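Student: Mind having a look at this structure? Questions to follow.
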Amino acid sequence: MPESGGFSYNKQWLSSFIQASGSASGLGSGKDTQVLLVEREAQVAELSTAFSDESLAFGCLGLITGGIGCGKTELLEEAARRARDAGFRVVSASCSPAEQSLPYAMIDQLFRDLALAGELPLMPDALRPARGDTGPSPELLRFYHEVLTTIAASGPVLLAIDDIQYADEPSLRSLLYLYRRFQGSPVTVMVTHGAQFGIDATTPLGELLFQPRIHRVTVGSLSKEGICQLIRCQQGGKRRDAGEVIALTGGNPLLAKALLQDPFPARAASSVGDSFLYAALACIHSSGTAGLRTARAMAVLGSNVSVELLSRLTGLEARITKRLIQALNDTGILSDRGFCHPQVRAAVLDNLPTNEAAELHHRAAILLHEEGAPTLVLAQHLLAAGRLSEPWATKVLIEAGREALQTDQVSLALKCLRAAEEQAADERERLIINTELATSVWRVKPEVAARKLSALAEPISQGRLPAARLLALVPGMLWHGLEQEAISALEFVEASGPADPALRSTRDATLLWIQCNYPGVATRLGSLIESIPAHPPTSPPVPDHSGYDALWALTSVVQGNQVDTAVGTAEQVLQRVRIGDKTIESLTAAISALLYAGRLDLADSWCERLGSEAADRKAPTWQAVLCALRGQVALQRGDLPAASQLADEALRLTSAFGWGVGIGLPLSTGINAAINKGDYRTAEKFVLQPVPERLFETRFGLHYLVARGRYHLAQGHLQAALADFLSCGERIRSWGIDSTGLVTWRIGAAETWLRMNNRERAVQLIEELLAMNNPSQSGVRGSALRVLAMTAPPSRQQKLLAEALELLQASGNRHEMALVLADLSGLHRELGDRARGRTYARRAWRIAKDCGAAALCRSLFPSAHDRILSSAPDDLTMAEVIGSLTEAERRVGALAAQGHSNRDIADRLFITVSTVEQHLTRVYRKLDVRHRQDLPSSLAFNEPDRNTA
């Protein structure tokens, strides 16, 4: 068997398989080769009458007919065995297509062995047929008659001939001559004939088989009881169900025996093994050259094929095609819809010679194109043919590539587009196809997209592509650092003066997208950026303006304008847009708007939903981007293990080269999470990861600069830390996007100034931040107050920290909550209130442990760290424990305590059931309970509105 996974038809193996199955062999051998005959009693009884004295007195012909694999040869063998038992001399021959063109091949088989054994005279040389003789001479016929008379003189004779439809014509003429002279001679002829071949009465075979003295028996498929009998005879092992065997074989004896001969499948019961496939191929080959051609053509065309189409593809007459289809239907190979079993079709295709397969696919493509077949069907035949000489082939492949992308058949889409590129009529068409390839492959292989875009750099810079194509390439070019090419593309589009409303809308959305994600590039576009409408159009020029809406929402949140309106707009986009190649930027922009606006539950819920869809649709790049965004959500919640895991997953799904400038997002999450956990080795690994130079012109680069600055600060590299924080601030200010929601560079810089003993500069930065009033950013304000408290005298610190704790509880950032509680612990111990200081330390330790901040846990209880890890401080009051819950955890816990189901809670809070389960897991762990009925009734709950869920 081939190791490649395909099924190879081996004629030598097939021959031994058929013999082992009792389908052929043993005729006239004199050996006891009795095989298992099931439901053939009536046929055996009918054939037995051929051996009666009355039949022998007049000469007799027995005809066994039936479908392929129905046991005609087995029945002939049984008749031969009974004939020998009755005293007959059995003389046999087995015909085959290979010998059909050899004159006298069959008749020679009948008599040669006896002649060589000395029982019969050898044929005189004078009687041997000359080359080119079309029929037996009278002398030769008389010789055959004398030979047969000699044999019959010593007792009755049975001439047993298998597959007589393959007999050569001179042999048939000789046999017909002999049969007409059997009257009064003890000679019986018994033959098998495949029903699929039909009988033409005008031929020697037809004349023989339409003789009046004939015993005709027909064998067909087995009934359910017959199949049960076969199953009972099966040796050992797990047995198949009779209904299942009938469904897979149609009751065909050969297929059924082969199916039962294979081991029971470990996979689905509908799976079949090698013996079954060999038997199926044997049946197809036994249908003759025309039958084989028909089966191969049907395998190429697939299901629901019309007789007319099949006839045109094979070149056979429709009546012959119809008869062959019926024969293969009767065999259990085909059904009304095509092959009964997909593995049989695959085996037929595997054994189709390469050149013949290509020719069949090529002709199928032409015929199907004439019939108006679907584009994807035509494309698959064109790809298999490897010949695209037809003038319509390139257009079909391009359209098929687009259709395949819409149904997530990315691999097929890329094959179609690559084949179309090779056959493009001119350079312009080739360039357009390459743009399709560059945008299509990004979802699975962004590295390939990068190389395609680099190859398109020159034609892009020269404006040799249509405006719509240039705009489609801009996001990919900027993602992969091709800034100048992207700017050139935009300038060419602007110079063309796009009059089409849809094109103008796309241009505006593209410019807004650049302003959101590539502010460094936006500063170089000058008047183009200034031409962007300030608000989403109330009467948009195109029906779908979701992309513009999402980008407007993100821009508004980043700039701190109309945040609540922007959040509502982002939600609407997420609800009405399906993820795709042309919408992924819109969706990630909408999620980013929710993230920067502090709507963490909503952002997390949409990341989860869309990430699951991306995984189902096998789009790893989409998954990676959504993982990175979800990692940012986890980081803002203070869920450090989740943030680390999501950052790692994002980097695993796509290579660093494929990430392009977007790599700043997962790297920043990984660095921050590792620092907060105290895992500086992992943080260093991320910091040492090479990044594109163009990263620092992007929004993602701002996150990276702050994260790298925090790493330097944690390592005591104060000058390097300050340089990163201030560099981030300079960029934000020069780009005009200075807001509290984007990145917290001021907090990092203030902490660094404090470490450098410059309290004045630290206070200045924090007060600047606090003056930028943004109610949606309670977490940022809480973190700022924590740092401001470091600069204040003890008398003021407690108030600042208390306010910070309240804000952070509302935001849900548990790691920052733990830091504030740790500061409160230190403050009270410094003021001499050790008991209260220890209470705050316990609360801080519990939250720090829950969010994975091991370094903070060690700093709170350094001398008893190991003991604490195994058994947390247990003398917290229930009020203190409830106080350690985030606002989201408290809402979910309160509804659960009231008896609401997870689904009810999800619906009321506008989050997913998965998010509810995650919150409840943390609530149970913090409150040390196992069941929802154990939740305390003291959990408070205020019904949220949609924007704060």
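Numbering (the working numbering) for the sequence shown: 13 to 961. Here a beta-carbon is modelled for each residue, glycine too, at the ideal position from N, C-alpha and C. Source: prediction; values computed, not measured.
#1: Once you ignore the five residues that flank R430 on each side, which residues in its own chain have a CB closer than 8 angstroms to its CB?
#2: Can at least three beta-carbon pairs, one atom from the region 171-187 and one from the region 108-119, be found at a separation below 8 angstroms?
#3: Kindly indicate which three-state DSSP category I76 falls into: helix, strand or coil?
#4: Determine the DSSP secondary structure at S106, reduced to helix, strand or coil.
#5: Enumerate in chain order the residues of its own chain whose CB-to-CB distance from A330 is below 8 angstroms, with the five nearest sequence positions on each side excluded.
#6: If I measure Cβ to Cβ from Q701 and keep anything under 8 angstroms in the same chain, skipping five residues before and after, which residues do I get?
#7: For M118, does the three-state DSSP call read helix, strand or coil?
#8: Count Cβ pairs between the region 466-486 and the region 418-437 that sit closer than 8 angstroms; are there 3 or more?
#9: Taking only runs of the alpha helix (DSSP H) that begin and end inside the region 583-671, which ones reach a length of at least 4 residues, in chain order?
#10: Checking the sheet assignment: what are the DSSP bridge partners for A172?
#11: Could you give the uninterrupted runs of the alpha helix (DSSP H) lying entirely in the region 363-427, keeping only those of 4 residues or more?
#12: Is T161 helix, strand or coil by DSSP?
#13: List the residues that DSSP assigns as beta-bridge partners of F351.
#14: With distances taken between CB atoms, is the gap from A268 to L170 smaller than 7 angstroms?
#15: Whose C-alpha, out of F922, T924, D919, R902, is nearest the C-alpha of S936?
#16: Going by DSSP in three states, H1021 sits in which element: helix, strand or coil?
#17: Short of 6 angstroms in beta carbon distance, which residues of its chain neighbour A655, apart from the five on each side in sequence? Order them along the chain.
#18: Just the C-alpha distance for A54 and R349, rounded to the nearest angstrom, thanks.
#19: Quick check: the region 254-273 against the region 338-348, are at least 3 beta-carbon pairs closer than 8 angstroms?
#20: Under the assumption that L777 contacts A830 (Cβ atoms under 8 angstroms), give the Cβ distance between them as a whole number of angstroms.
#21: Quick check: is the beta carbon of A117 nearer than 7 angstroms to any beta carbon in chain D?
#22: Are the CB atoms of Q527 and A521 within a distance shorter than 7 angstroms?
#23: Note the first and the last residue of the continuous alpha helix (DSSP H) segment covering H724.
#24: To test your reading of the DSSP string, which unbroken alpha helix (DSSP H) runs of 4 or more residues are found completely within the region 300-328?
#25: Using DSSP with H/G/I as helix, E/B as strand and the rest coil, what is T535?
#26: Given a cut-off of 7 angstroms on the beta-carbon distance, is the pair L388 and A412 in contact?
#27: Quick check: the region 603-610 against the region 558-570, are there 3 or more CB pairs under 8 angstroms?
#28: Going by Cα to Cα distance, which pick from L328, S299, T756 is closest to S108?
#29: Name the two residues that bound the continuous alpha helix (DSSP H) containing V928.
#30: Going by beta carbon distance, what residues of the same chain come within less than 8 angstroms of A918, once the five residues before and after it are set aside?
#31: On a CA-only basis, which of T595, G895, R536, L426 is nearest L563? Give me that one, please.
#32: With a CB to CB cut of under 6 angstroms and the five nearest residues on each side skipped, what residues in its chain are close to K334?
#33: Look at the alpha carbon of D946 and the alpha carbon of F873, and state the distance between them as a whole number of angstroms.
#34: Roughly how many angstroms lie between the CA atoms of E705 and C619, to the nearest whole one?
#35: Only counting the same chain, and skipping five residues up and downstream in sequence, which positions put a Cβ closer than 6 angstroms to that of G713?
#36: Going by DSSP in three states, T85 sits in which element: helix, strand or coil?
Tutor: So, to answer that:
#1: Numbered from its first residue, the sequence shown carries residue 430 at position 418. So the qualifying residues of the chain are L449.
#2: Counting Cβ pairs under 8 angstroms, three or more are found: they touch.
#3: Reading the sequence shown from its first residue, position 64 is the one you call residue 76. Looking at I76 - three-state DSSP - the assignment turns out to be strand.
#4: In the sequence shown, counting from the first residue as 1, residue 106 sits at position 94. If DSSP states are grouped into helix, strand and coil, S106 belongs with the strands.
#5: Counting from one through the sequence shown, the residue named residue 330 turns up at place 318. Closer than 8 angstroms at the Cβ level, and outside the excluded window around A330, lie V319, E320, S323.
#6: For the purposes of this step, residue 701 is identified with residue 689 of the sequence shown, where counting begins at 1. Within the same chain, Q701 has close Cβ partners A668, I675, L679.
#7: The sequence position of residue 118 within the sequence shown is 106, counting from 1. M118 falls in the helix class under three-state DSSP.
#8: Touching, no, given that fewer than three Cβ pairs across the two stretches are closer than 8 angstroms.
#9: 596-608, 612-628, 632-649, 652-665, 668-671
#10: As a position in the sequence shown, residue 172 is number 160, starting the count at 1. Answer is S104, M202, bridged to A172.
#11: 366-382, 387-397, 405-418
#12: Taking the first residue of the sequence shown as 1, we reach residue 161 at position 149. Helix.
#13: Against the sequence shown, residue 351 aligns to sequence position 339. For F351, which the question treats as bridged, DSSP gives the partners L346.
#14: Here the question's residue 268 lines up with position 256 in the sequence shown. Here the question's residue 170 lines up with position 158 in the sequence shown. No; because the gap between Cβ atoms is not below 7 angstroms, this pair is not in contact.
#15: On the sequence shown, residue 936 is found 924 positions in, with the first residue counted as 1. A quick correction: the sequence has Tyr, not Ser, at residue 936. The candidate whose alpha carbon is nearest that of Y936 is R902.
#16: With the chain covering only 13 through 961, there is no way to say anything about residue 1021.
#17: As a first step, residue 655 must be located in the sequence shown, where it is residue number 643. For A655, the CB contacts under 6 angstroms within the same chain, skipping 5 residues up- and downstream, are G643, A646, L647, T681, A685 in chain order.
#18: Your numbering for residue 54 matches position 42 in the sequence shown. Your numbering for residue 349 matches position 337 in the sequence shown. C-alpha separation (whole angstroms): 33 angstroms.
#19: yes
#20: Looking up residue 777 in the sequence shown gives position 765. Looking up residue 830 in the sequence shown gives position 818. Not really, about 23 angstroms apart at Cβ, beyond 8 angstroms.
#21: As a matter of chain content, chain D is missing from the structure shown, which is built from one protein chain.
#22: The count along the sequence shown starts at 1 and reaches residue 521 at position 509. The count along the sequence shown starts at 1 and reaches residue 527 at position 515. Cβ distance not < 7 angstroms, so A521 and Q527 don't count as in contact.
#23: For the purposes of this step, residue 724 is identified with residue 712 of the sequence shown, where counting begins at 1. Taken as a continuous stretch (DSSP letters only), the alpha helix (DSSP H) holding H724 covers 711-726.
#24: 300-313, 319-326
#25: Translated into positions along the sequence shown, residue 535 becomes position 523. Reduced to three states, the DSSP call for T535 is coil.
#26: Against the sequence shown, residue 388 aligns to sequence position 376. Against the sequence shown, residue 412 aligns to sequence position 400. Yes.
#27: Because the criterion of three Cβ pairs below 8 angstroms is met, the region 603-610 and the region 558-570 touch.
#28: What you label residue 108 is simply residue 96 of the sequence shown in a count that begins at 1. Nearest option by C-alpha distance: S299.
#29: Position 916 of the sequence shown holds residue 928. Here the alpha helix (DSSP H) through V928 covers 925-939.
#30: Here residue 918 refers to the residue found at position 906 when the sequence shown is read from its first residue. Closer than 8 angstroms at the Cβ level, and outside the excluded window around A918, lie T924, V925, T927, V928.
#31: Residue 563 sits at position 551 when you count from the first residue of the sequence shown. Per the C-alpha coordinates, the member of T595, G895, R536, L426 positioned closest to L563 is T595.
#32: Here residue 334 corresponds to residue number 322 of the sequence shown, with the count starting at 1. Same-chain partners within the cutoff: V319.
#33: As a working mapping, residue 946 is identified with position 934 in the sequence shown. As a working mapping, residue 873 is identified with position 861 in the sequence shown. Each residue's alpha carbon lies about 30 angstroms from the other.
#34: On the sequence shown, residue 705 is found 693 positions in, with the first residue counted as 1. On the sequence shown, residue 619 is found 607 positions in, with the first residue counted as 1. For E705 and C619, the distance between alpha carbons rounds to 28 angstroms.
#35: What you label residue 713 is simply residue 701 of the sequence shown in a count that begins at 1. Hits under 6 angstroms: G676, L707.
#36: Counting from 1 along the sequence shown, the entry for residue 85 is found at position 73. Correct three-state label for T85: helix.
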